[in-house]
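Protein chains in written order, with the numbering used here: chain W, 1 to 333; chain G, 1001 to 1406.
Glycine included, C-beta positions come from ideal geometry on N, C-alpha and C.
The block underneath contains the structure these notes are about, expressed in structure tokens.
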Amino acid sequence: MSGVAVMRYREALNQALREELTRDERVFLMGEDIGVFNGAYKVTAGLLEEFGEARVRDTPISENTIVGMGVGAAMTGTRPVVELMTINFSLLAMDQIVNHAAHIRYMFGGQVAVPLVVRMPQGAGHQLGPTHSHSFEALYLHVPGLLVAVPSTPADAKGLLKSAIRDDNPVIFIEHEYLYGQRGDVPDPDDGEHLVRFGEAAVRREGEDVTIVGISRMALTAARAAETLADQHDVSAEVIDPRTLRPLDLDTILASVRKTNRCVIVEEGWPHGGVGANLAALIQEQAFDDLDAPIGRVTGADVPMPYSKPLEQIAFPHEPQVVDAALATLRDV
Amino acid sequence: MATTSQRRERPGGVPAPLPAPDAAREWLATMQLIRRFEERAGELYAKAKIGGFLHLAIGEEATIVGAARALREHDYLISTYRSHGHAIARGTPPEAVMAELFGKQDGCSRGRGGSMHMFDLERRFMGGYGIVGGNLPIAAGFGLSAELLRTDDATLCMLGDGASNQGTFGETMNLAALWRLPVVFMVTNNQFGMGTALARHSAVTDLQRKGESFGVPGVRCDGMDVADTCGVVGDALRRAREERQPMLIEAVTYRFRGHSMADPEEYRTREQVAEWRRRDPIALWSARLIEEGVIDEAGVEELDRQAVAKVDEAVAFADASPFPAPESLYDDVYALGEQVRGWYSVDERGVEPHRGEHERAMAAHEIPAREVYDQHAAGPHSGAEARPADEAQDAGERAHDGERGG
Chain W
1 MSGVAVMRYR
11 EALNQALREE
21 LTRDERVFLM
31 GEDIGVFNGA
41 YKVTAGLLEE
51 FGEARVRDTP
61 ISENTIVGMG
71 VGAAMTGTRP
81 VVELMTINFS
91 LLAMDQIVNH
101 AAHIRYMFGG
111 QVAVPLVVRM
121 PQGAGHQLGP
131 THSHSFEALY
141 LHVPGLLVAV
151 PSTPADAKGL
161 LKSAIRDDNP
171 VIFIEHEYLY
181 GQRGDVPDPD
191 DGEHLVRFGE
201 AAVRREGEDV
211 TIVGISRMAL
221 TAARAAETLA
231 DQHDVSAEVI
241 DPRTLRPLDL
251 DTILASVRKT
261 NRCVIVEEGW
271 PHGGVGANLA
281 ALIQEQAFDD
291 LDAPIGRVTG
301 ADVPMPYSKP
311 LEQIAFPHEP
321 QVVDAALATL
331 RDV
Chain G
1001 MATTSQRRER
1011 PGGVPAPLPA
1021 PDAAREWLAT
1031 MQLIRRFEER
1041 AGELYAKAKI
1051 GGFLHLAIGE
1061 EATIVGAARA
1071 LREHDYLIST
1081 YRSHGHAIAR
1091 GTPPEAVMAE
1101 LFGKQDGCSR
1111 GRGGSMHMFD
1121 LERRFMGGYG
1131 IVGGNLPIAA
1141 GFGLSAELLR
1151 TDDATLCMLG
1161 DGASNQGTFG
1171 ETMNLAALWR
1181 LPVVFMVTNN
1191 QFGMGTALAR
1201 HSAVTDLQRK
1211 GESFGVPGVR
1221 CDGMDVADTC
1231 GVVGDALRRA
1241 REERQPMLIE
1251 AVTYRFRGHS
1261 MADPEEYRTR
1271 EQVAEWRRRD
1281 PIALWSARLI
1291 EEGVIDEAGV
1301 EELDRQAVAK
1311 VDEAVAFADA
1321 SPFPAPESLY
1331 DDVYALGEQV
1341 RGWYSVDERG
1351 VEPHRGEHER
1361 AMAAHEIPAR
1371 EVYDQHAAGP
1381 HSGAEARPAD
1391 EAQDAGERAH
1401 DGERGG
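Quick look at the structure:
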């Protein structure tokens, strides 16, 4: 393969930020410890040195206000990218995200846009306990006016972040703590801009027997489950990563379900009101006659995230549960 | 209890200098226009022409006009949920403000915002905001843009005394001072956060001092004196713009009407209201202008007649404006571009039951809930319309209740 570099997810994000800062001088970054400290997860490493204090701004610990300043700056001609240290902290900024970023364009009759990106990592697995480990894409998916991205590969992380920065809408850009260290192929910038459009799902693996939709990190878990299903159960699973939840590429998911007649949705977040709950409703509304089995869901446990390692590990989905759920949709055939 | 002792005394008791005669008369005319506009809005609310909440700033006109006249054309003004006057003072036609109150297509927020969410980008009136304290970070963001884009635009951010207790107040003061942003924060201290008197909601009642520990110096103005307000705001804007020193202004004023139209005003006495009414900002300003020979009694009355006529025109315009078309329900949820694609960015199925596999084809030509729309577009008397939950009083009674209930 020509024109591809292998890099980590965090490096791909860093490259996206660097390219967009270089391309458009209206773009700037702000967040807690993104500058001198190089970012809690090193996504912004080196950018302060390269672009200076005006455009890579360390902020005080004031989540609601830094997001709100991003809203105001976005309304008046700049393109802010705000980093929040974890998605749990974004709850402090819920007023600015929902009441303001998402609503301003609509409630002011379309006179302004809010081209703001709010980046944040989510996810369990690092024993960070009940205030640093959650998955909240469903909260943001709920809100009209927001776009929501959940990249699972380095290439998508880069391509979606660049698209997010260029988009005129507020984007909730959800990264994943586990994924930061994962490697993958990313197209070389010398071969042209690598942009991933919002609203285009990726079919990670083609299959005939069951569709597995994986969200955020769970797209990787779904892909591993599909391999096991093929190797050990002679089941051909199709794996879809929606990549963005708003807009949602339902067409690709429906086309797959119409082919396989079965579907399993995998997410790390809570079951009630989750991404899977919403997606299952959409699928049964649109493709009821094509379904041969109830839609399966594999979700995080319905608990605040526990600290203790074995408890934490059973509180979010792993490959075996996905395999079981897929087999359950095939059981009566 | 807040009293006149909180008024700002100018050094030596000297009144603020008068502006040029044309400007002095224009300030009076604009205060009168805002007063007449809001009086009429209150009446129309009682007649159910206006829905939702209606927060009137009657009594606070000097804080509005004094502040707006201290701004340059390219400066930003951002307000609270009590913002009809700010839009008008900034130059938004009263027609567009009234049409917004009526929920009409020609409203300054196209009928999406209502009383609390006026907006006029062209005049850099950057909106009324319904969340107390929610506008403060946004104002600092305007200042940040000015900094990054290297303009000399300053931002004036209005807030109420109640908002000085929100978390965003301290966070925003700190950031504005830390980053030396050209923003002036102006507390319209009307003595009450809704129905809670200043001394009952803020440990420090000297509000101009609440920014000091964050690096934002404070100053007080007489919010019943339009010239004093304009002078103090102008000085603060100059420091913000030229010295990059954010400032906090406390404008001491009083709201003559209730918090909203749903306010029985059990938290204050008629005597207190009457005492403050003796310092009605419009009466004070017209008396001074007459005394200084800038205008005579007849001139004041003529300006008032013109204000009433403008309000009549605004009401006629708002009445004639159509409701936003039902097809526009989903307009402007997103800024559409090539990155955003397809029907599922927004689920445009509306309030109709979700109908399964064929609805996608149907959605293209069906208007959601047409019957419901038609019923409500027919006018306020088309059905028994419930007021918001805290509207304890009967609207008709309030309309006859003079000074109360507004």
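Residues of the stretch 98 to 131 of chain W with a C-beta atom less than 7 Å from some C-beta of chain G are Asn-99, His-100, Arg-105, Tyr-106, Met-107, Phe-108, Gly-109, Gly-110, Gln-111, Val-112 and Ala-113, listed in chain order. In this structure, the straight-line span from the alpha carbon of Gly-109 of chain W to that of Gln-1105 of chain G is close to 9 Å.
At a beta-carbon threshold of 7 Å, the residues of chain W lying near His-1117 of chain G are Met-107 and Phe-108, ordered along the chain. Rounded to whole angstroms, Met-1194 of chain G and His-1259 of chain G show a C-alpha spacing of 5 Å. Looking at the DSSP output, Ile-1249 of chain G sits in a beta bridge with G:Met-1186 and G:Val-1219.
In the structure shown, the three-state DSSP call for Gln-1208 of chain G is helix. From the beta-carbon of Ile-1131 of chain G, the residues of chain W found nearer than 7 Å are Asp-95 and Asn-99. For Met-69 of chain W, a Cβ of chain G is located within less than 8 Å of the residue's own Cβ.
Secondary structure note for Asp-185 of chain W: its beta strand (DSSP E) is the uninterrupted segment 183 to 187. When CB distances to chain W are screened at a threshold of 8 Å, not a single residue of the stretch 1236 to 1255 of chain G falls below it. At least one C-beta of chain W is nearer than 8 Å to the C-beta of Ala-1335 of chain G. For Asn-1165 of chain G, not one C-beta of chain W is nearer than 8 Å to its own C-beta.
The C-alpha of Arg-119 of chain W is placed about 9 Å away from the C-alpha of Gly-31 of chain W. Interface criterion met: the Cβ of Asp-167 of chain W is under 8 Å from a Cβ in chain G. The shortest CA-to-CA distance from Ser-1328 of chain G to any of W:Ala-45, W:Tyr-106 and W:Glu-175 is the one to W:Tyr-106. The C-beta of Ile-1034 of chain G comes no closer than 8 Å to any C-beta of chain W.
Interface annotation, Met-1126 of chain G: in contact with chain W, CB-CB separation under 8 Å. Cβ-Cβ distances below 8 Å link Arg-26 of chain W to Gly-77, Thr-78 and Arg-79 in the same chain, with the five nearest sequence neighbours on each side left out; the list follows chain order. Counting only Cβ-Cβ distances below 9 Å, Phe-1323 of chain G has no contacts in chain W at all, with the closest Cβ about 14 Å away. Taking every protein chain shown into account, the CB of Val-81 of chain W has 16 or more other CB atoms within 10 angstroms, so this residue is buried.
Excluding the 5 residues flanking it on each side, Asp-1120 of chain G has same chain C-beta neighbours closer than 8 Å at Ala-1087, Arg-1090, Gly-1091, Thr-1092, Ala-1096 and Cys-1108, in chain order.
Between Met-75 of chain W and chain G, the shortest Cβ-Cβ separation is below 8 Å. Between Val-1204 of chain G and Gly-1162 of chain G, the C-beta gap is not smaller than 8 Å, which leaves the two residues out of contact. Under the rule that a run must span 4 or more residues, the alpha helix (DSSP H) segments found entirely inside the stretch 1135 to 1180 of chain G read 1135 to 1149 and 1167 to 1178.
Where Met-75 of chain W is concerned, the enclosing alpha helix (DSSP H) starts and stops at 63 to 75. Within the same chain, Ala-124, Gly-125, Gln-127, Ser-133, Met-305 and Pro-306 come within 8 Å of Glu-312 of chain W by CB-CB distance, once the 5 residues on both sides are set aside. Taking the C-beta atoms as reference points, Gln-96 of chain W is found no nearer than 8 Å to Pro-1246 of chain G.
The stretch 1035 to 1050 of chain G and the stretch 1195 to 1215 of chain G do not touch, with fewer than 3 CB-CB distances between them shorter than 8 Å.
Put simply, of W:Ala-74, W:Ala-325, W:Asp-231 and W:Thr-153 the residue whose alpha carbon is nearest the alpha carbon of Leu-179 of chain W is W:Thr-153.
Classified as exposed, Val-4 of chain W has fewer than 16 neighbouring CB atoms from the shown chains inside 10 Å of its CB.
Look at Ala-287 of chain W here: in three-state DSSP terms it is helix. Comparing C-alpha distances from Asn-278 of chain W to each of W:Ala-301, W:Leu-250 and W:Ser-256 shows the shortest one belongs to W:Leu-250. The closest CA to that of Ala-222 of chain W, considering only W:Val-210, W:Val-239 and W:Glu-206, is found on W:Val-239. Counting of Cβ neighbours within 10 angstroms places Leu-245 of chain W among the buried residues, the total reaching 16 or more.
Of G:Pro-1182, G:Pro-1322, G:Trp-1179 and G:Gln-1191, the smallest CA-CA separation from Gly-1111 of chain G is found for G:Pro-1322. Put simply, the CB of Pro-271 of chain W is far from chain G, with every gap to its CB atoms at 8 Å or more.
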